[in-house]
Amino acid sequence: MLNPNYDPLTYKIIGCAMEVHKIMGNGFQEVIYQRCLTIEMQKQGLIFSREYEMKIYYDNIEVGTRRVDFFVENQIMVELKAIIKLEDVHLAQAMNYLEAYQVPIGLLINFGAKSLEFKKVHNKKCLNRNSLNFHN
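Residues in the sequence shown are numbered consecutively from 582, following this note's numbering.
Laid out in structure tokens, this is it:
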């Protein structure tokens, strides 16, 4: 069963992203939105790591690493985009990352469109896990 704290937490993260998009609009590079979202999430008291490096495993063997834009409250992976429109390939990529990192839930947020776009993604393989213990 999903941790009941996910929904309030994802809403809080999305609210922060909406505030950033309202102030900044679209048209900037992803790193600008990442910096702005850092400020907004700090203002909201969220605990997170930015550009958190996570290991990727295949058959219990480490095969590489990848950095997620944000890892919030040791529970939610947040991936940012600054593109015209989110496509299915971006959603599939986010879902693959959730599975590779064994993280139960993630948010894919796009600042590049005229209106903020976001998708909540679930890792069906982790639905019974409450939270993870990742540390910086």
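Here a beta-carbon is modelled for each residue, glycine too, at the ideal position from N, C-alpha and C.
For residue i and residue j, what's the separation of their Cα atoms in angstroms?
i    : j    : result
N711 : A598 : The pLDDT assigned to N711 is 44, lower than 50, so where the model puts this residue is not dependable; a value taken from the coordinates is nonetheless given after this. Distance between the alpha carbons of N711 and A598 is about 24 Å.
G626 : V670 : 32 Å
K525 : I686 : With the chain running from 582 to 717 in the structure shown, residue 525 is simply not present.
Q610 : E634 : 21 Å
Q683 : N704 : 8 Å
H716 : E668 : Confidence at H716 is low in this model, with a pLDDT of 36, below 50, so its placement is unreliable and no value can be given for it.
V653 : K624 : 14 Å
Y639 : N655 : 22 Å
L661 : L590 : 17 Å
Y592 : G608 : 24 Å
M622 : V659 : 12 Å
G606 : I664 : 12 Å
A673 : N641 : 22 Å
D650 : Q615 : 7 Å
Ignore the nearest five residues each way along the sequence and tell me which others in residue i's own chain have a CB closer than 7 Å to its CB.
i    : result
K666 : A694
T619 : R631
A675 : E660, G687, L689 and V702
E600 : E621
Note down, in chain order, each residue of its chain lying with its Cβ closer than 8 Å to the Cβ of residue i, except the 5 sequence neighbours on either side.
i    : result
F699 : I595, A598, L688, L689, I690 and N691
I604 : C617
I637 : E643, V644, G645, T646, R647, A681 and Y682
K706 : E680 and Q683
So the beta strand (DSSP E) residue i belongs to, where does it begin and stop?
i    : result
N691 : I686 to N691
E632 : F629 to Y639
L667 : Taken as a continuous stretch (DSSP letters only), L667 belongs to no beta strand (DSSP E), as it is neither H nor E.
K700 : E698 to H703
K706 : Taken as a continuous stretch (DSSP letters only), K706 belongs to no beta strand (DSSP E), as it is neither H nor E.
Give the range of the alpha helix (DSSP H) segment to which residue i is assigned.
i    : result
D650 : Note, D650: premise wrong, no alpha helix (DSSP H); beta strand (DSSP E) at I642 to V653.
K624 : E611 to K624
Among the residues of its own chain, which have a CB less than 6 Å from the CB of residue i, if the five just before and after it don't count?
i    : result
H602 : F692 and L697
I628 : E654
N677 : none
Using a beta-carbon distance below 8 Å, is residue i in contact with chain C?
i    : result
E654 : The structure shown contains no chain C; it holds only a single protein chain.
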